[in-house]
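A quick write-up on the structure given underneath.
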Amino acid sequence: KISMLALFASSPTWLPASTAGRRNVPASSVRTGGAALSAELAAKQAWLARTQPSWGPPSQLSGSVEPTVAAAPPVDEAAAKQAWLARTQPDEPAWRGQSSPAESAARLAFVHAPLSYFALDKLASKGTRRAGGSLVDVGEPEDWSRPIAKDAWSGARAGSWACSEGGWDSPKLRPTTETFLVLEGWGCVTDVDGTQHSFGPNDVVVLPRHWSGRWDVARFLHKVWVVHDHPDVPAGADGVVRAVVAPAWPHFGAPLHEGTIYDGGHTRVGAL
């Protein structure tokens, strides 16, 4: 209907010279001259009277015809919002500004394995520590390892490590905090000020971020470990970052250590 109205509002010469094939316009109805124009104007008036458009014909041919739009009825915004949410509500809750549940699950996945996963014959040799660049000054220690999770969590890894007897200085500051449980063997870590921390089977050892000192393996050592990368934590009052050793289970009469073993703010270690 809008196209028809625009057509009537244009020049009276809109009719083509020939209407052969024109839809709904019989050829016999086409006229020329004043009589044809009067008939078309009469038809226009009759059509306007029947359709009663909401706007009138333009008084001039220039410009465009703007319809008069009736005011929309008031809308209940709250009801409209609830209806939209009901139609578009996802199956899973939205995680705004965070990872999706699938991404979070992949990053925070629970990883586990039986202790047999870390059997010594399943650990891969890394060669001698001297060949790897360690400052070995006692024996010729060789180490083996097997990871269980490589970057399974943000800034954290876990695995197992074994090392034969020997000793070496470790002056480089640790970039991460390492926590390990001794499965077998005996050893000692020494802080930069000479404080020694001996450990054996069932002991938990924490080497905080920026720890440095010395390693000595007195008897073939096998451990499971977790390393955690995090922001810096302040050192002790004397400026020394110290290792922490505590038994997780009693051995040789040593008391069981319950509760928190180490709390560095970003890393907390304990026994239940």
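Just so we're aligned: 180 in the numbering used here is position 154 of the sequence shown, and the numbers increase by one with no gaps anywhere.
For glycine and all other residues, C-beta sits at the position ideal for the given N, C-alpha and C.
query, result
"Using the three-state DSSP reduction, which class does E66 fall into: helix, strand or coil?", "helix"
"Exposed or buried, what is G213 when buried is set at 16 or more other beta-carbons lying within 10 Å of its beta-carbon?", "buried"
"Give every residue of the same chain whose Cβ lies closer than 7 Å to the Cβ of L207, excluding the five residues on either side of it in the sequence, and list them in chain order.", "V230, K249, V250 and A274"
"If we require 3 or more residues per run, which beta strand (DSSP E) segments fall completely within the segment 180-211?", "182-189 and 192-196"
"In the DSSP output, which residue or residues are listed as bridge partners for R245?", "W212"
"Does the beta-carbon of E204 have 16 or more other beta-carbons within 10 angstroms, so that it is buried, or is it exposed?", "buried"
"For the putative contact between R240 and G290, defined by C-beta atoms under 8 Å, what is the C-beta separation to the nearest angstrom?", "Not a contact, Cβ separation roughly 21 Å."
"With C-beta atoms as the reference, is T202 less than 8 Å away from H254?", "yes"
"Would you say S238 and S196 are within 8 Å of each other, going by their C-beta atoms?", "yes"
"From what residue to what residue does the beta strand (DSSP E) around F225 run?", "Q222 to F225"
"Identify the residues that DSSP records as bridge partners of T286: which are they?", "G296"
"So F136 and E191 are supposed to be a Cβ contact under 8 Å. How far apart are they, rounded?", "So it is not a contact: roughly 36 Å between Cβ atoms."
"Can you tell me the Cβ-Cβ gap for A150 and R172, rounded? I've got them flagged as a contact below 8 Å.", "6 Å"
"For a test of the three-state rule: what should DSSP assign to R76, helix, strand or coil?", "helix"
"Return the bridge partner residues of D169 from the DSSP annotation.", "C189"
"For the beta strand (DSSP E) holding S160, just list the boundary residues, first then last.", "S160 -> no beta strand (DSSP E), and no H or E assigned at all."
"Helix, strand or coil: how does DSSP classify S142 here?", "helix"
"Is DSSP giving A109 helix, strand or coil here?", "helix"
"Tell me whether A175 sits in a helix, a strand or coil according to DSSP, three-state version.", "strand"
"Please check if any C-beta of chain D sits within less than 8 Å of the C-beta of P260.", "Absent from the structure is chain D; it holds one protein chain and no more."
"Taking a contact to mean a Cβ-Cβ separation below 8 Å, would you say P234 touches V267 in this structure?", "yes"
"Cα separation between A139 and R156?", "31 Å"
"For S186, which option in K107, S142, T293 and V164 has the closest C-alpha, if you only look at C-alpha atoms?", "S142"
"Answer with buried or exposed for P100, where buried requires no fewer than 16 other C-beta atoms within 10 angstroms of its C-beta.", "exposed"
"Considering only the alpha carbon of each residue, which of A269, V252 and K198 lies closest to G181?", "V252"
"Which of helix, strand or coil does DSSP assign to A104?", "helix"
"Indicate the three-state DSSP secondary structure (helix, strand or coil) for D229 in the structure shown.", "strand"
"From H292 to P167, what distance separates their C-alpha atoms?", "32 Å"
"Could you tell me the alpha carbon to alpha carbon distance between G226 and D147, rounded to whole angstroms?", "21 Å"
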